[in-house]
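Protein chains in written order, with this note's numbering: chain A, 282 to 844; chain B, 16 to 240. In what follows, a single structure is set out as structure tokens and then discussed.
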Ligand SMILES: [Cu+2]
Ligand SMILES: [Cu+2]
């Protein structure tokens with residue numbers, strides 16, 4: 282035995298911390314586990330973006346903190362930047378962290394219906410993180426076949442040259458899906474079965490609806506992809522040939538399986554972001570949500586439609602050209618419910634009493650920026666325009682104008698908004714404003730030049746544009762440098778957030794139960810809520826957005842307040 | 016609009032650019048309008064000017080009209096976009112005009128192999144000329160291409176033509192184009208294909224009939240000798 286002897290007391294304290302933070306079944310702790318893991322992954326994903334953007338702006342120069350970037354490193358960095366930001370940041374933070382934290386609190390119950398499945402979900406997720414990180418360091422290096430992992434490149438080690446990295450990467454993705462399947466079961470069951478007495482369907486806060494509908498979309502779309510991932514794993518390790526034409530397989534089949542999941546996935550992360558935004562804009566404009574039922578039904582419509590648009594990623598991939606027409610129609614039509622939702626949100630602001638707090642600024646920025654992402658998507662949904670734009674930086678800029686508002690801007694909105702509930706203290710609003718402008722301005726300065734570069738012919742996943750004379754004309758390299766420098770500025774301002782976040786946790790002003798004077802049930806609980814959430818479970822008397830009701834002196838009316 | 020950003024060097028480049036313009040105008044209109052209303056509301060209904068909010072559910076007919084009218088107009092715009100997109104798509108990808116000549120394009124890790132046809136314009140004669148990373152074409156001639164891949168996915172992309180088509184191992188994909196401008200342009204691979212993807216560049220040289228005839232005669236001599 283070692284020489285260090287723990288006293289029984291300190292041993293049991295250690296054990297209890299271990300038990301409390303790693304093996305907890307409390308939905309709030311699990312939410313936090315997802316949140317902090319997601320934030321750590323965002324730092325890795327952001328670092329990767331920094332490295333490859335530096336290589337693009339200053340090709341062949343050593344990158345501070347990384348070194349020289351060769352073609353192999355470059356492919357690995359972009360592949361894992363994409364995979365991390367979507368699968369290990371957007372998904373865990375938007376669905377798992379907010380879903381776990383908010384569903385029981387806002388539905389007014391003490392925990393998830395299946396707390397142990399919930400714990401298992403995080404443990405599998407953590408395992409997927411470890412497998413992913415291991416994949417960067419194995420012999421042959423990390424996988425570099427793009428986050429879409431198209432075979433035959435991804436299927437055959439002779440082509441991708443990363444025999445171990447490719448399989449571990451795929452395994453990590455599959456594990457991550459299993460984790461969210463377990464989470465999804467919990468979310469749906471809890472919201473349907475454990476709401477506070479009196480909370481009817483139309484009394485459920487929109488954010489909960491959106492998270493649950495997103496979980497349904499995820500569960501409906503992920504099956505084919507898990508099957509595809511298993512087939513791909515067989516191709517990689519046993520050379521079975523599901524996707525190998527020389528063995529009777531078809532590489533395009535993977536694309537169908539991948540995008541049948543991949544497009545609904547956009548809405549899986551969009552919906553929670555829209556939900557967070559709905560909560561925040563109603564509170565800080567003191568307005569009732571405009572047309573609650575319309576929001577709910579358009580959300581469901583978007584969800585259903587999102588299963589019928591996947592092949593817009595494949596217009597020029599060798600599918601029957603006649604099929605493109607059908608998918609052009611469905612894709613362009615999905616703009617209708619999405620604009621409807623945007624109109625409804627803007628109508629909510631009409632006649633409001635708008636207060637520009639930090640969470641409100643981020644929520645509004647989500648609307649303003651996501652609109653750009655939505656409109657630029659039409660260029661890609663229109664088949665013939667997509668012939669030109671497909672696989673260019675125009676596509677890249679477009680989806681960053683959707684994913685950054687979703688996974689960064691809306692997440693910040695939600696964090697600033699629920700921080701007082703999570704940690705019992707307020708974040709500093711001044712620093713919040715600094716962080717806001719330091720994020721939004723450089724964000725636009727990164728991606729507006731990239732729209733232009735894509736239109737001018739920059740294709741994706743190229744580690745050095747000096748190889749292409751036509752892509753070095755005029756100011757194209759200058760624009761690449763502008764984008765990279767803007768990224769550096771944006772990353773630097775995230776330091777303000779981290780400082781604000783962690784210092785406010787301990788030194789922020791005490792928040793009290795309901796600092797924003799909001800109506801929903803999470804604000805009835807203590808800040809932070811204890812295990813079990815509520816001393817006595819609340820009863821609901823009214824819908825969630827009764828702000829500025831005429832004839833009342835107070836401009837809010839909590840859901841649980843009796844008349 | 017697109018023509019000022021990147022040259023139009025094929026017969027259908029202008030048609031694709033027109034679709035892009037239609038989307039830009041209609042999408043741009045809605046974007047500006049929506050952002051305009053959003054920012055106006057933020058300014059008009061800030062707490063200082065609007066200390067107490069209105070109460071409205073948005074469920075009544077009159078209120079919903081504010082959403083339904085723009086929503087119906089969006090549908091109309093969508094129809095216009097779909098019509099433009101589909102008609103250009105039909106002309107470019109579904110309808111194959113008769114060819115003056117046929118070429119073969121093979122993508123491989125990490126080069127493009129081009130087979131230029133014999134004087135009859137058809138592949139398979141002893142006059143075929145195969146070279147790597149350089150494609151010679153005659154201006155104002157309609158070409159069919161037979162696109163293949165010998166290993167992974169590649170994507171044959173000529174930005175000045177507005178042409179892009181994935182190459183898939185095990186398949187031969189037929190398409191067409193008609194160059195309308197002489198000059199030298201980039202050919203890209205637009206689908207990630209491994210380590211060398213970022214350096215998979217080829218040269219396109221569009222020539223008039225005489226220059227092309229001279230070049231191919233010299234090339235035939237060189238490959239025979
Ligand atoms: Cu999609
Ligand atoms: Cu390539």
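Built from N, CA and C at the ideal position, the CB exists for glycine as well. Source: prediction; values computed, not measured.
| Item | Value |
| --- | --- |
| For review: beta carbons within less than 6 angstroms of any heavy atom in ligand 2 | B:169, B:204, B:206, B:207, B:208, B:212 and B:215 |
| Rounded straight-line distance, which links the Cα of residue 151 of chain B to that of residue 120 of chain B | 12 angstroms |
| Cβ-Cβ distance between residue 801 of chain A and residue 387 of chain A below 8 angstroms | yes |
| Any C-beta of chain A under 8 angstroms from that of residue 189 of chain B | no |
| Reduced DSSP secondary structure (H/G/I, E/B, other) of residue 208 of chain B | coil |
| Short CB-CB distance (under 8 angstroms) between residue 221 of chain B and chain A | no |
| Cβ neighbours of residue 265 of chain A in the same chain (closer than 6 angstroms, five flanking residues each side left out) | Since the first and last residues shown for chain A are 282 and 844, residue 265 of chain A lies out of range. |
| Contact list for the region 421 to 433 of chain A against chain B, Cβ threshold 7 angstroms | 426, 427, 431 and 433 |
| Residue 66 of chain B versus residue 634 of chain A: straight-line alpha-carbon distance, rounded | 6 angstroms |
| Beta strand (DSSP E) runs contained entirely in the region 115 to 197 of chain B, provided each spans 3 or more residues | 116 to 123, 126 to 131, 144 to 147, 149 to 153, 158 to 164, 169 to 173, 178 to 182 and 188 to 192 |
| Rounded straight-line distance, which links the Cα of residue 31 of chain B to that of residue 760 of chain A | 25 angstroms |
| Paired residues, beta bridge with residue 222 of chain B - DSSP | B:153 |
| Proximal residues to residue 528 of chain A (C-beta, below 7 angstroms), its chain only, five neighbours per side dropped | 522 |
| Closest residue to residue 548 of chain A among A:590, A:353 and A:536 (Cα-Cα distance) | A:590 |
| Near ligand 1: residue 547 of chain A beta-carbon under 7 angstroms from a heavy atom | yes |
| Best match in A:355, A:518, A:436 and A:774 for proximity to residue 422 of chain A [C-alpha to C-alpha] | A:355 |
| Three-state class that DSSP yields for residue 217 of chain B in the structure shown | strand |
| The region 392 to 412 of chain A in contact with the region 485 to 499 of chain A per 3-pair CB rule at 8 angstroms | no |
| Pairwise C-alpha distance: residue 613 of chain A and residue 584 of chain A | 15 angstroms |
| Check: residue 593 of chain A C-beta below 7 angstroms from any heavy atom of ligand 1 | yes |
| Status (buried if at least 16 other CB within 10 Å, exposed otherwise) for residue 722 of chain A | exposed |
| Chain B contact for residue 484 of chain A (CB, 8 angstroms cutoff) | no |
| 8 angstroms Cβ cutoff, residue 828 of chain A in contact with chain B | yes |
| Min CB distance residue 342 of chain A to chain B below 8 angstroms | no |
| Residue 590 of chain A CB to nearest heavy atom of ligand 1 below 7 angstroms | yes |
| Where the alpha helix (DSSP H) through residue 784 of chain A begins and ends | 757 to 788 |
| Residues bridged to residue 821 of chain A (per DSSP) | For residue 821 of chain A, which the question treats as bridged, DSSP gives no partner whatsoever. |
| Residue 76 of chain B: CB within 7 angstroms of a non-hydrogen atom of ligand 1 | no |
| Touch test, the region 40 to 48 of chain B against the region 641 to 659 of chain A, Cβ-Cβ under 8 angstroms, three pairs minimum | yes |
| Below-8 angstroms beta-carbon distance, residue 151 of chain B vs any chain A residue | no |
| Any C-beta of chain A under 8 angstroms from that of residue 98 of chain B | no |
| At least 3 beta-carbon pairs within less than 8 angstroms: the region 625 to 633 of chain A vs the region 555 to 568 of chain A | yes |
| Residue closest to residue 98 of chain B, alpha-carbon to alpha-carbon, out of A:751, A:663, A:729 and A:688 | A:663 |
| CB contact flag (residue 372 of chain A, residue 467 of chain A, <8 angstroms) | no |
| Of the listed residues B:71, B:89, B:122 and B:133, nearest to residue 40 of chain B (C-alpha basis) | B:89 |
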